[in-house]
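Positions in the sequence shown are counted from 1; adding 321 to them yields our numbering.
Ideal Cβ placement from N, Cα and C applies to all residues, glycine included.
Data first, discussion second: the structure below is written as structure tokens.
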Amino acid sequence: MDSIHRLSVCPHDTAKNLFGWFLLNTYLQRKTGCALHFEPCHTFIEERGNVLSNAYHLVYTNPYSALIFNAELGFIPIAKPIGVFDETVMIARRDADLPSGRIKIATATDMLIVYDLGLAVLEQQNILREQCDFTFVGTHLRTVQVVADGEFDLGFVFSETWHGLTESTRQQLRVVAESSSQLAYHCFCVAPEWLDRREQLREILCGMQNDAHGKPILDDLHIQGFEALPMNALDSLRALVEKMA
Numbered sequence: 322m323d324s325i326h327r328l329s330v331c332p333h334d335t336a337k338n339l340f341g342w343f344l345l346n347t348y349l350q351r352k353t354g355c356a357l358h359f360e361p362c363h364t365f366i367e368e369r370g371n372v373l374s375n376a377y378h379l380v381y382t383n384p385y386s387a388l389i390f391n392a393e394l395g396f397i398p399i400a401k402p403i404g405v406f407d408e409t410v411m412i413a414r415r416d417a418d419l420p421s422g423r424i425k426i427a428t429a430t431d432m433l434i435v436y437d438l439g440l441a442v443l444e445q446q447n448i449l450r451e452q453c454d455f456t457f458v459g460t461h462l463r464t465v466q467v468v469a470d471g472e473f474d475l476g477f478v479f480s481e482t483w484h485g486l487t488e489s490t491r492q493q494l495r496v497v498a499e500s501s502s503q504l505a506y507h508c509f510c511v512a513p514e515w516l517d518r519r520e521q522l523r524e525i526l527c528g529m530q531n532d533a534h535g536k537p538i539l540d541d542l543h544i545q546g547f548e549a550l551p552m553n554a555l556d557s558l559r560a561l562v563e564k565m566a
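Right, dumping it as structure tokens:
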């Protein structure tokens, strides 16, 4: 193998199955013949800072970080999980109506795409942003809790989090609206320094579901497979974020 290269993976995904991502890292090393160092991060803030301040060659990251890495470092998207998208579910207490005055909205942070997609949902519901007060409560689960407790009128929640809640928790809440743009997704992006390997990496990732050694890793990660992305795959999402700014 040649000199060591570095892989970063979104901590939202490593938290669900860290060992599976180490297996995928090993698989990529064997397929590319490159030494690929993978060191997990605990938060998306840590991950984002590490990639921005260090030399990484390949990242699997959340959609908002993908936009940042593309704009600031020139990372290019190459592949995403088949049929998986990041969407926002706007929730309220089941027994509560929206107030006629100012609306209190909770969400985890304004540094993830859930917030921007939530703003787009507000617009679709003809709710003016100017009549809303936003509070960033740190996590998607915390958002669910404070809305269920009646501290906030609405909450923006990551769709995966919403669908992973227990039935008893969901029974306390109702879905007011949800995004369905299919513009946002976690994806692999390659650094400019590794663009000569872009096609090779894309072929390896997109071929995993048909490979005897790759398929078990995908199954362990609960990923059907990866599909190829064009170089301009992030353009529509960037346009939405800029519109919501």
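Alpha-carbon to alpha-carbon, residue 329 and residue 379: Position 58 of the sequence shown, counted from the start, is the residue given in the question as residue 379. Position 8 of the sequence shown, counted from the start, is the residue given in the question as residue 329. Cα to Cα, the separation comes out at about 7 Å.
Local conformation of residue 456 per DSSP, three classes: The residue given as residue 456 occupies position 135 in the sequence shown. Three-state DSSP puts residue 456 in a strand.
Buried or exposed (CB count within 10 angstroms, at least 16 for buried), residue 458: Walking along the sequence shown from the start, residue 458 turns up at place 137. With a threshold of 16 other beta carbon atoms within 10 Å, residue 458 meets it and is buried.
Exposure of residue 531, with buried meaning 16 or more beta-carbon neighbours within 10 Å: Counted from its first residue, the sequence shown places residue 531 at position 210. Counting every other CB atom within 10 Å of its CB across the protein chains shown gives residue 531 a total below 16, marking it as exposed.
At least three beta-carbon pairs within less than 8 Å, the stretch 388-399 to the stretch 440-459: Contact between the stretch 388-399 and the stretch 440-459 is absent, because fewer than three Cβ pairs lie under 8 Å.
Stretch pair the stretch 342-357 + the stretch 528-542: three plus CB contacts closer than 8 Å: yes
Own chain, CB closer than 8 Å to residue 322, minus 5 neighbours either side, in chain order: Counting from one through the sequence shown, the residue named residue 322 turns up at place 1. Confidence in residue 322 is poor, its pLDDT being 47 and thus under 50, which makes the residue's placement too unreliable to answer from.
Contiguous alpha helix (DSSP H) assignments of at least 4 residues, all confined to the stretch 425-500: Listed in chain order, the complete alpha helix (DSSP H) runs (minimum 4 residues) inside the stretch 425-500 are 434-445, 461-469, 480-484, 488-491.
Euclidean distance between Cα positions of residue 528 and residue 514: Position 207 of the sequence shown holds residue 528. Position 193 of the sequence shown holds residue 514. So the two alpha carbons sit approximately 23 Å from each other.
Residue 365 beta carbon less than 8 Å from that of residue 342: Locating residue 342 in the sequence shown gives position 21, where the first residue counts as 1. Locating residue 365 in the sequence shown gives position 44, where the first residue counts as 1. No, the pair does not count as a contact, with Cβ atoms beyond the cut-off.
C-beta atoms of residue 409 and residue 438 nearer than 8 Å: The residue given as residue 409 occupies position 88 in the sequence shown. The residue given as residue 438 occupies position 117 in the sequence shown. Contact flag set, yes.
Neighbourhood of residue 336 by C-beta, 6 Å cutoff - its chain only, sequence neighbours within 5 removed: For the purposes of this step, residue 336 is taken as the residue at position 15 of the sequence shown. Once the five neighbours on either side are set aside, residue 336 has no close Cβ partner at all.
Cut-off 8 Å between Cβ atoms - residues of its own chain near residue 332, not counting five sequence neighbours on either side: Locating residue 332 in the sequence shown gives position 11, where the first residue counts as 1. Excluding sequence neighbours, residue 332 sits near 361, 362, 363, 364, 365, 367, 368.
Cβ contact check for the stretch 411-427 and the stretch 373-389: 3 or more pairs under 8 Å: The stretch 411-427 is not in contact with the stretch 373-389.
Rounded separation between residue 393 and residue 539 - CA only: As a first step, residue 393 is located in the sequence shown; it is residue number 72 there, counting from the start. As a first step, residue 539 is located in the sequence shown; it is residue number 218 there, counting from the start. One Cα belongs to residue 393, the other to residue 539, and the distance between them is close to 30 Å.
Under 8 Å between C-beta atoms of residue 476 and residue 426: Sequence index remark: in the sequence shown, residue 476 carries index 155 (1-based). Sequence index remark: in the sequence shown, residue 426 carries index 105 (1-based). In this structure, residue 476 places its C-beta atom within 8 Å of the C-beta atom of residue 426.
Unbroken stretches of the alpha helix (DSSP H), 4 residues or longer, contained in the stretch 335-420: 339-353, 365-374, 384-394
Residue 324 (DSSP reduced to helix, strand or coil): By 1-based counting over the sequence shown, the position of residue 324 is 3. Here residue 324 sits in coil by DSSP.
Residue 527 - DSSP class collapsed to helix/strand/coil: Indexing the sequence shown from 1 puts residue 527 at position 206. Helix, per DSSP.
Nonlocal neighbours in the same chain, by C-beta distance under 7 Å from residue 555, ignoring five residues either side: Taking the sequence shown and counting its residues from 1, the one referred to as residue 555 is at position 234. Closer than 7 Å at the Cβ level, and outside the excluded window around residue 555, lie 387, 388, 391, 398.
Distance CB(residue 480)-CB(residue 407) smaller than 8 Å: Here residue 480 refers to the residue found at position 159 of the sequence shown. Here residue 407 refers to the residue found at position 86 of the sequence shown. Taking 8 Å as the Cβ cut-off, residue 480 and residue 407 qualify as a contacting pair.
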